[in-house]
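J.: Residue numbers (full-length UniProt numbering): 1 to 138.
Note that CB positions come from ideal geometry on N, CA and C, so glycine has one too.
This is how it looks when you write it as structure tokens:
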């Protein structure tokens, strides 16, 4: 979807699978937070990178995945404190959410016959598929 809705073309779109777009803390009131102070410094483990390359690639330029992930951590991950307490925990959470059946949006959409095949879908169809697949959790 990001490749179709962004003025910058994707140089390296994923192969027929949905990938992570981001993990952002949200606020019940007001705008979602971003660029929060870092409370703990803990560098991302390199062991996580092969999984991130598959599930959360920089679809605009995969040679810049690390720069992309660093930007996501600094802009969004830092705002997850205290639930997300460091960079490593942030990326482990992304991986865990992607592979967990209840939160694996790629698998949920696939079961609803919504595939990354270029066909247009209504927002309502996508929302309903995700709600049904996640037991109506928001």
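1) Between residue 61 and residue 6, is the Cβ-Cβ spacing less than 9 Å?
2) Could you tell me if residue 123 is buried or exposed, where buried requires 16 or more neighbouring beta carbons within 10 angstroms of its beta carbon?
3) Can you give me the C-alpha to C-alpha distance between residue 48 and residue 73, rounded to a whole angstrom?
4) Between the alpha carbons of residue 138 and residue 22, how many angstroms are there, rounded?
5) Which residues in the same chain have their Cβ closer than 7 Å to the Cβ of residue 105, if we skip the five residues on either side of it in sequence?
6) Given a cut-off of 9 Å, decide if residue 69 and residue 52 are closer than it, judged by their beta-carbon atoms.
7) Considering only their Cβ atoms, is the gap separating residue 125 from residue 134 smaller than 9 Å?
8) For the putative contact between residue 56 and residue 94, defined by C-beta atoms under 8 Å, what is the C-beta separation to the nearest angstrom?
9) Tell me which same chain residues have a C-beta within less than 6 Å of the C-beta of residue 140, skipping the five on either side of it?
10) Starting from the C-beta of residue 58, find all residues in its chain whose C-beta is less than 6 Å away, skip the five residues before and the five after it, and write them out in chain order.
11) Compare the beta carbon distance of residue 44 and residue 87 with 9 Å and say whether it is the shorter of the two.
12) Within this structure, are the beta carbons of residue 35 and residue 83 separated by less than 9 Å?
13) In terms of residue numbering, what span does the alpha helix (DSSP H) encompassing residue 123 cover?
T.: Once the coordinates are examined:
1) Along the chain shown, read from residue 1 onward, the residue named residue 61 stands at position 61. Along the chain shown, read from residue 1 onward, the residue named residue 6 stands at position 6. Going by C-beta atoms, residue 61 is not nearer than 9 Å to residue 6.
2) Numbered from 1 along the chain shown, position 123 holds the residue referred to as residue 123. The residue in question, residue 123, is exposed, as its Cβ has fewer than 16 Cβ neighbours within 10 Å.
3) Locating residue 48 in the chain shown gives position 48, counting from the first residue. Locating residue 73 in the chain shown gives position 73, counting from the first residue. Taking the straight line joining both Cα atoms gives about 14 Å.
4) Your numbering for residue 138 matches position 138 in the chain shown. Your numbering for residue 22 matches position 22 in the chain shown. For residue 138, the predicted model reports a pLDDT of 49, less than 50, meaning its position is unreliable and no value from the coordinates is stated.
5) Residue mapping note: residue 105 aligns to position 105 of the chain shown, counting from 1. So the qualifying residues of the chain are 18 and 130.
6) As a first step, residue 52 must be located in the chain shown, where it is residue number 52. As a first step, residue 69 must be located in the chain shown, where it is residue number 69. In contact: residue 52 and residue 69 (Cβ atoms closer than 9 Å).
7) As a first step, residue 134 must be located in the chain shown, where it is residue number 134. As a first step, residue 125 must be located in the chain shown, where it is residue number 125. No. Outside cutoff.
8) On the chain shown, residue 56 is found 56 positions in, with the first residue counted as 1. On the chain shown, residue 94 is found 94 positions in, with the first residue counted as 1. At roughly 6 Å, the Cβ-Cβ gap stays under 8 Å, so residue 56 and residue 94 are in contact.
9) This structure cannot settle anything about residue 140, because the visible part of the chain is limited to 1 through 138.
10) Taking the first residue of the chain shown as position 1, residue 58 is located at position 58. Around residue 58: 64, 65 and 68.
11) If you number the chain shown from 1, residue 44 lands on position 44. If you number the chain shown from 1, residue 87 lands on position 87. Yes. Within cutoff.
12) Counted from its first residue, the chain shown places residue 35 at position 35. Counted from its first residue, the chain shown places residue 83 at position 83. No; because the gap between Cβ atoms is not below 9 Å, this pair is not in contact.
13) For the purposes of this step, residue 123 is identified with residue 123 of the chain shown, where counting begins at 1. Where residue 123 is concerned, the enclosing alpha helix (DSSP H) stretches over 123 to 133.
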